[in-house]
Amino acid sequence: MQAYFACGSIQREESCMSGSDPILSDVAKEVAAQRGVGALAEKMGIEILELSAERAVATMPVEGNTQPIGLLHGGAYLVLGETLGSFAANVWAHPDGHAVGIEISASHSKSATKGFVTGTATAISLGKTLTLHEIIVTNEAGERLSTVRITNLIRKSNSQAD
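162 is the number that UniProt numbering gives the last residue of the sequence shown; the numbers go up by one with no jumps.
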């Protein structure tokens, strides 16, 4: 599996699943071109559909991301949430800084066994030093499966990540 930006100029070689261009702010396009989506997101098949500091949307297949009894792994929700929240925070921090995740939590309310899940990140707070995003993960029927919250620290670009 590989992660990519749906059907846009930043898309990798895979065929487009969503059938439409991703909705990316100008800053998001710049950040995505510079950094890509990351190796773990690629392995999990995450597809970015929309990206700005205020809102980010992505899908992830259940297949290949399950725990032994066939349910979507709880950690997969966190990977999807962190991918969206951190990417949105990096768009907010660009061009003078970058975001580093410092806290993440999730509450799972339902499980998924097939198809795709969709994560929608919404900014709760976009500050000078911290961002907070809430990510709602739903199944194809629109039912909430998990609620993820991530806090990112905004660091100056010349700072080293810990």
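C-beta atoms are modelled at their ideal positions from N, C-alpha and C, and glycine is treated no differently.
Item	Value
Report the residue ranges of all alpha helix (DSSP H) runs contained in full by the stretch 17-53; include only those spanning at least 4 residues, in chain order.	26-35 and 39-43
Please find out if some non-hydrogen atom of the ligand MG comes closer than 7 angstroms to the beta-carbon of D96.	With respect to the ligand MG, the structure offers nothing, as it holds no ligand at all.
What do you get for A39, buried or exposed, if any count of 16 or more other CB atoms within 10 angstroms of its CB means buried?	exposed
Measuring only the C-alpha atoms, how far is F116 from N90?	25 angstroms
Going by DSSP in three states, V117 sits in which element: helix, strand or coil?	strand
Near Q34, what residues of its chain come up, given a Cβ to Cβ distance below 6 angstroms and the 5 sequence neighbours on each side ignored?	none
Are three or more beta carbon pairs between the stretch 141-152 and the stretch 105-120 nearer than 8 angstroms?	yes
Could you round the C-beta distance between V137 and L80 to whole angstroms and report it? I think they count as a contact, below 8 angstroms.	6 angstroms
Go to L84, then tell me how far its alpha helix (DSSP H) extends in each direction, as first and last residue.	G74 to A93
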